[in-house]
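This note's numbering applies: residue 2 is where the sequence shown begins, and numbers increase by one.
Just so it is clear, CB atoms sit at the ideal spot from N, CA and C, and this is done for glycine as well.
These numbers were taken from a predicted model, which means no experiment stands behind them.
Single-structure report; data block below.
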Amino acid sequence: MRKKPGILITTGDPKGIGPEVVKKALKDPQIRRLADFFIIEARDRAGFDAIEKAVGILKRYEVDGLVTAPVNKAAINKAGIAFKGHTEYLAGVFRVKKFAMMFCRENFRVSLVTRHVALKNVAASLSRKKIRDTIILTEKALREDFRIKKPRICVCGLNPHCGENGLMGDEEKRIVGPIVAGLRSRIQGLEGPLPADVAFYMAHKARFDAVVAMYHDQGLGPFKMIAFEDGVNVTLGLPFVRTSPDHGTAYDIAGKGIANPASMKAAIRLAVKMCIVQGALFKAKP
């Protein structure tokens, strides 16, 4: 049995800033002492080879958590691999049907109902099941991973002003509202649907522990306004802890030695914290 969590780190696209931010993060003595780290350096297929190796290690229960440096989806697909992202790939490999992306910075958290979907397709992609699953996964994470006894969650509407009573869309009345109402008996701190601008203002003022956004930029726009440098992406629903820095490969600055490791450090810290809270280190092999 380990005394510290075992954290596996993949270095991401070798042409991006992943290798640099991993190296910089692990040079920090305060980071190094947090866990036993195992590094998989990406060498081929735009970093996908490292992800495959990580999956094998995770399936053998040899580590407690995974931190992934960024890869480029287009580059991996160009290499002949159908790849929508770490989140979808890991959920598929581990046969997880209910999963979600949550973005975290201290007490500010955002979960997404839809992820990498073109804006024109978002409304058609929404379903009662997706919204319900995301809310439940968010509440579960707040209780079990962040130790919040009575989570307060706000659910955004899809349309401007929540549709203005159907004048600008009816998804709030037809889909979002009924789901929120149906879950209130189970999640007492659940509110919504609220207009996104109101929801995020209130979350920023600590009125909520998490916001559930309907689509990618509805959630990520406000989140990155306050967490551009040190935000963390967490995958909810997996049978292990997985976090990643909330930035991309940044090819334009790769190799220049100027990449900021703050988000990678935050991703490592949160992965360690979640492993300890979950007691995962007692399950992994030494």
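- Spatial neighbours of residue 92 in its own chain (CB-CB distance under 6 Å, excluding positions within 5 residues in sequence) are listed in chain order as 100.
- Straight-line measurement puts the Cα of residue 74 at about 28 Å from the Cα of residue 211.
- Non-local beta-carbon contacts of residue 86 in its own chain, meaning distances under 8 Å to residues more than five positions away in sequence, involve 74, 116, 117 in chain order.
- For residue 173, same chain residues with a beta-carbon under 8 Å away, outside a window of 5 residues either side, are 158, 159, 160, 163, 164, 194 in chain order.
- Distances from the CA of residue 64 to each of 4, 112, 43 were compared; the closest alpha carbon is that of 4.
- Between residue 264 and residue 68, the C-beta gap is not smaller than 8 Å, which leaves the two residues out of contact.
- Counting only residues of its own chain and dropping the five nearest sequence neighbours on each side, residue 225 has a CB closer than 7 Å to the CB of 232.
- By DSSP's assignment, residue 198 forms no beta bridge with any residue.
- For residue 108, the three-state secondary structure derived from DSSP is coil.
- Under the DSSP assignment, residue 270 falls in the alpha helix (DSSP H) whose first and last residues are 263-279.
- Inter-residue distance for residue 94 and residue 188 is about 30 Å (C-alpha atoms, whole angstroms).
- Here residue 280 is exposed: its Cβ has fewer than 16 other Cβ atoms, across all protein chains shown, within 10 Å.
- DSSP places residue 126 within a helical segment (H, G or I) once states are collapsed to three.
- Beta-bridge partners of residue 38 (DSSP): 8.
- Taking 8 Å as the cut-off, the beta carbon of residue 23 is found no closer than this to the beta carbon of residue 8.
- DSSP lists no bridge partner for residue 78.
- Check the Cα spacing between residue 219 and each of 58, 107, 112: the tightest is with 112.
- Inclusion of residue 260 and residue 254 in the CB contact set at 8 Å is warranted, their separation being smaller than that value.
- Membership of residue 214 in the beta strand (DSSP E) is indicated by the continuous run 211-214.
- For residue 208, there is no enclosing alpha helix (DSSP H), as DSSP gives it neither H nor E.
- In the structure shown, residue 258 adopts coil according to DSSP, grouped into three states.
- For residue 237, the secondary structure class from DSSP, reduced to helix, strand or coil, is strand.
- Taking 8 Å as the cut-off, the beta carbon of residue 80 is found closer than this to the beta carbon of residue 46.
- The C-beta separation of residue 180 from residue 110 comes to about 19 Å, leaving the pair out of contact by the 8 Å criterion.
- Within the model, the alpha-carbon separation for residue 123 versus residue 135 is close to 15 Å.
- Under the 10 Å beta carbon count, residue 266 is surrounded by 16 or more other beta carbons and is classified as buried.
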